[in-house]
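Some notes on the structure that comes next.
2 protein chains.
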Amino acid sequence: MEAVVRYAAENHDRFLEELKDLIRIPSISSSTEHKDDVDRCAHFVKEIMLGIGLESAEVWQTDGHPIVYGECLGAPEKPTVLIYGHYDVQPVDPLDLWETPPFEPSIRNGRMYGRGSVDDKGQVHIHLKAVQSWLKGTGTLPINLKFLIEGEEEVGSKNLNAFLIDNQKMLAADVVLISDTSMLQKGVPSICCGLRGLAYFQIDLRGSKQDLHSGSFGGAVKNPIHALTEIVNQLKDEKGRIAIPGFYDDVVDLVPGDREALAQLPFDEEDYRKEIGAAKLYGEEGFSVLENLWCRPTLDVCGIWGGFTGEGSKTVIPAEAHAKVSIRLVSHQDPETVAALFEDYVSKIAPPEVEVSVQRMHGGLPFLADTSHPAFEASVRALKKGFDSDVVFIREGGSIPFVQTIDEVLNVPVVLVGFGLPDENAHAPNEWFDMENYEKGILSSIYLYDELSRI
Amino acid sequence: MEAVVRYAAENHDRFLEELKDLIRIPSISSSTEHKDDVDRCAHFVKEIMLGIGLESAEVWQTDGHPIVYGECLGAPEKPTVLIYGHYDVQPVDPLDLWETPPFEPSIRNGRMYGRGSVDDKGQVHIHLKAVQSWLKGTGTLPINLKFLIEGEEEVGSKNLNAFLIDNQKMLAADVVLISDTSMLQKGVPSICCGLRGLAYFQIDLRGSKQDLHSGSFGGAVKNPIHALTEIVNQLKDEKGRIAIPGFYDDVVDLVPGDREALAQLPFDEEDYRKEIGAAKLYGEEGFSVLENLWCRPTLDVCGIWGGFTGEGSKTVIPAEAHAKVSIRLVSHQDPETVAALFEDYVSKIAPPEVEVSVQRMHGGLPFLADTSHPAFEASVRALKKGFDSDVVFIREGGSIPFVQTIDEVLNVPVVLVGFGLPDENAHAPNEWFDMENYEKGILSSIYLYDELSRI
């Protein structure tokens, strides 16, 4: 173990440079324009896997972006750990708000800035480097290890389910380990036992054949922007509840035990508000901030556009208006069921003067872990050693659609050990990753493989 | 007169080529990027004025875009006619909807396509060529003539008022003639006796310091897009009335005589709906389409934007959301008064979780003509001859902010003789101008100068 930890410490600077190389590849999975970059990133990850000493690594083509699979099965009789992560990243606009270009990583004040630095390239890198430290430091791993690093997490892991089902034997494991979540806050190592699901839509409205002069036609036609704002306004009620009929039918209610555990976590709503820079927080009535973020579904328009949005004052009634809508789900909501409810409701409330259509963009299942499995206790011990601090159980408002799927298909515990921080701007300009957490993440992972060898 | 008409007929093809040259200059007044083009266009108009034989023409600098003034005062004892128009044009986006580039004019099916073809370069050109026909056909004009062609009509004629006041003596006239409106429909020559005013705003909202991940933060913050849709929804009530307190205080109500005259015009609401391509028409309850378009104020969001609007499905709660709002006013509403009411109301209804600010973009006064002046009868006679058809009095939903100002400053009748058509896509992609109306417009204007010589 000493040799492993020493290897990691001695190679720290080199690891950082290698992480930069990974971030430099603009692997934006939602953009057809970046298809080749996504592909290139997959092969780059495969090369890293071979370089750190895995027995094999391969790029698997799918109907979408490729999956990278690598393994090192040199520990007979020992448990097998499957590590899941993703090498694809979110889009980068608005580009002008980035202080340094998103794909030119740079370290400032102990933070690595760049798209994907924390979500999820940096966290995948932690495991690659922890494994490297074992293999280069001692020549062996205490467990059997499988890496499954996909390229479609940010677009709903469309092809992973089929891959998983087709390759169940290859992927079989005793525990699945995922680092794609955040710690509650700096200095508080956290295991995430719940994730929200996702149902994402685009609403498209058309009011007329083409754009109309707002003077010559204003007063005679329904402006599709107004129709859109009316629809958006009817998606939630005045208490912040989602107004789609039947939406809450499958929601698991919070029990008093959950609420007490959440209330005891070190979390200050006023600090949180200040950090966000909001004048006032806002959520569903009757729930605390953490309850709303982790245990309640929510709906947000992620984008809205229509008409003239440039400089100046063009007087136009646009022909079209559009919105992108994200709904976060909790157990046991199903994205397909919710999609059907959403489509029905939007069609019903759309004003008769406009044509409406709803596109289903992507969806993902929510997840809730059974933390009684010994892998969770093993993880608590490893994180406590790695961070020299007590470990908490948290949930996460975001979605990793694959988690519930692998839970169901492989039927093994899924442990979410996240090394990010909530304010690291994942999905926003100036994404960064705390380099102390990167370092402690590698150390914790080194311990974690050891701990998991004894479950 | 015969020589004048013959000159116009013989030079018809040349006139069209010259109009194309005018349209080719991208004189978009709202875009700082096109400042030089606007300037170039002013000088081009001046050169045309000198070329057609005016005694003098000059480009006058203002604090914004220049004004072109030219005159031909060779008819002592005769009335003086001031012709107003504008050489600036609207922006051209969405550019991809243009069948041919906006500044590469082309004639297809008797229509001249191009930005500014009808609004207002083509209509200014009608008068320039009618004057040319008089001066080249007979060597003289039957009236004293002044041209005032500005470059800021599409951005609220910001500097024209001061120019008018500073140069009252130079601009003094007996009648003002403006061709910047539409005919009721093809084959129905029309004089416009009312225009709506304009108050245009941009609403800017901010909810947080920066964009937030919709999973990690969704449920804890007020999304500024939702705040914006709530604000927009409260701008009008369920009857299509503007909900701003005090908004209707200065509105001149429709009297039974107005309503009867409008009802007798050849206008079919169902044809109108089909032409627009709307599933259903929509307007303020209790008013016909023409009443709503011409005699009632209205409010339209001309642009809305916030968050992710690209391809794919970025899961983000944006930091900001924005809307551009156009309010069309009727006599005797004042844009400044309305602006104050609008700002107060938006500040009041904005949710407390967001920061809101309102920018006043531009405004213009509404106009209502006194049609008892003999210039109106003279115009009816000229149009009847030029188009060989009965003439109607109409109003127009759009705004020409200058009209009410010149009416007040010069205190002479303003006659709006428009040669456009309502479906010529002014302010939209694929703007066009009917070439038959261009030709008949020149002919009518030739007669009109003659008719006006006897008022």
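Protein chains in written order, with the working numbering: chain A, -12 to 442; chain B, -12 to 442.
Cβ coordinates follow ideal geometry from the N, Cα and C atoms, glycine included.
Computed from a predicted structure; not experimentally measured.
Find the residues of chain B that neighbour residue i, judging by a C-beta separation of less than 7 Å, and give them in chain order.
i: A/L147; result: Under the 7 Å cutoff, chain B gives no residues; its nearest Cβ is about 16 Å from A/L147.
i: A/E340; result: A265, A266, K267 and Y269
i: A/P409; result: S203
i: A/T77; result: According to the sequence shown, residue 77 of chain A is Gln rather than Thr. Near A/Q77 (Cβ distances below 7 Å), the residues of chain B are K301.
i: A/T216; result: T216, V219 and N220
i: A/D287; result: S201, G205, N210 and I304
So, with DSSP's three-state summary, where would you put residue i?
i: A/K372; result: helix
i: B/I39; result: helix
i: A/V163; result: strand
i: B/F188; result: strand
i: A/L355; result: strand
i: B/Y269; result: coil
i: A/L135; result: strand
i: A/V32; result: helix
i: A/F420; result: strand
i: B/H200; result: strand
i: B/M(-12); result: coil
i: B/Q346; result: strand
i: B/E5; result: helix
i: B/C180; result: strand
i: A/R193; result: strand
i: B/E(-3); result: helix
i: A/L122; result: helix
i: A/Q320; result: coil
i: A/F380; result: strand
i: B/D287; result: strand
i: B/G428; result: helix
i: A/M157; result: helix
i: B/A117; result: helix
Out of the options, point me to the one whose CA is closest to residue i's CA.
i: B/T392; options: B/G351, B/G101 and B/D377; result: B/G351
i: A/I387; options: A/D255, A/K145 and A/F150; result: A/K145
i: B/C179; options: B/Y269, B/L328 and B/P400; result: B/P400
i: B/F354; options: B/V238, B/I304, B/L408 and B/G270; result: B/V238
i: A/D161; options: A/G385, A/I314, A/H21 and A/N398; result: A/N398
i: A/Y332; options: A/V288, A/D24 and A/I231; result: A/I231
i: B/F374; options: B/A250, B/K335 and B/E426; result: B/E426
i: A/K7; options: A/R183, A/G57 and A/E91; result: A/E91
i: A/L9; options: A/F31, A/S18 and A/L41; result: A/F31
i: A/G61; options: A/G97, A/G126 and A/H73; result: A/G126
i: B/P361; options: B/L370, B/R441 and B/V(-9); result: B/R441
Determine whether the beta carbon atoms of residue i and residue j lie at a separation below 8 Å.
i: A/I54; j: A/G138; result: yes
i: A/Y436; j: A/P129; result: yes
i: A/M99; j: A/F420; result: yes
i: A/R283; j: A/V325; result: no
i: A/V389; j: A/L192; result: This sequence places Phe at residue 389 of chain A; Val is not what is there. Contact: no.
i: A/V379; j: A/L241; result: no
i: B/D23; j: B/I12; result: no
i: A/G428; j: A/I212; result: no
i: A/I218; j: A/F134; result: no
i: A/E298; j: B/S17; result: yes
i: A/Q155; j: A/V396; result: yes
Quick one: does residue i have its CB under 8 Å from some CB of chain C?
i: B/E5; result: No chain C appears in this structure, whose protein chains are A and B.
Cβ closer than 7 Å: which chain A residues qualify as neighbours of residue i?
i: B/E395; result: Going along chain A, no residue has its Cβ under 7 Å from B/E395, so there is no contact; the nearest lies around 21 Å.
i: B/W292; result: I291, W292 and T296
Can you name the residues of chain B whose CB is closer than 9 Å to the CB of residue i?
i: A/C179; result: Within 9 Å Cβ-Cβ: nothing; A/C179 doesn't reach chain B, min ~11 Å.
i: A/N279; result: G205, G206 and A207
i: A/G384; result: H200, S201, G202, S203, F204, G205, G206 and A207
Report the neighbours of residue i on chain A: residues whose CB is nearer than 9 Å to its CB, in chain order.
i: B/N412; result: Q197, D198, L199 and H200
Anything in chain A within Cβ reach of residue i, meaning under 8 Å, just list it in chain order.
i: B/A415; result: Q197, D198, L199, H200 and V303
i: B/K311; result: G294, F295, T296, S300 and K301
i: B/M348; result: G299 and S300
Taking residue i as the query, report the chain B residues whose CB atoms sit under 8 Å from its CB, ordered along the chain.
i: A/V142; result: G299 and S300
Exercise for the section: Would you mind listing the beta strand (DSSP E) stretches within the stretch 46 to 88 of chain A that are 3+ residues and don't spill past its ends, in chain order? Expected result: You should have 54 to 59 and 67 to 73.
Problem - 3-residue-minimum beta strand (DSSP E) runs that sit fully inside the stretch 289 to 318 of chain B, ordered along the chain - result: Segments of the beta strand (DSSP E) lying fully in the stretch 289 to 318 of chain B: 307 to 316.
Practice task
Write down every uninterrupted run of the alpha helix (DSSP H) in the stretch 206 to 244 of chain B whose length is 4 residues or greater and which is fully enclosed by it, in chain order.
Solution key: The DSSP assignment places 211 to 220 as complete runs of the alpha helix (DSSP H) inside the stretch 206 to 244 of chain B, in order along the chain (cut-off: 4 residues).
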